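Residue numbering for the sequence shown follows the numbering used here, starting at 57 and increasing by one per position. Every residue, glycine too, gets a C-beta built ideally from N, C-alpha and C. Just so we're clear, the structure is a prediction, and the values are computed from it rather than from any experiment.
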Amino acid sequence: MEEITKFLLEAPDDKFLVHKVGMIFGVAGACRREELYNLKIEDIEESDRIMIVKLPQTKTHIQRSFVIINEPNEKVDHMDIQGVHLVAPSSIMGLW
């Protein structure tokens, strides 16, 4: 978990923002590569502090979902992701 946090905090957003979002979604939802690839904007519901991601196409053919909760800080945002607490630069949280 330390390496993920280090990457999220230190890797430059201009080069790695898509990778960071993919990593957050992958870790939060325990997503397979195909599940991330098949995600559509319509599969994501958002509000002020919560993002609900639905995975309609899974290997087991059973729809599942996961929640990302944004807890803002001044420069760094903390996310509780189904029991996993991640720290990410505010620029990622600004995506929603």
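With 16 or more neighbouring CB atoms inside 10 Å of its own CB, Ala84 falls in the buried class.
When DSSP states are grouped into helix, strand and coil, Ile124 belongs to the strand group.
Lys110 is bridged by DSSP to Ser121.
By the neighbour-count criterion, in which 16 or more other beta carbons inside 10 Å mark a residue as buried, Lys96 falls on the exposed side. With fewer than 16 other Cβ atoms inside 10 Å of its own Cβ, Leu65 counts as exposed.
Glu101 counts as exposed, since fewer than 16 other C-beta atoms from the protein chains shown sit within 10 angstroms of its C-beta. With 16 or more other Cβ atoms inside 10 Å of its own Cβ, Met79 counts as buried. Cβ-Cβ distances below 8 angstroms link Lys110 to Asp99, Ile100, Glu101, Gln119, Arg120 and Ser121 in the same chain, with the five nearest sequence neighbours on each side left out; the list follows chain order.
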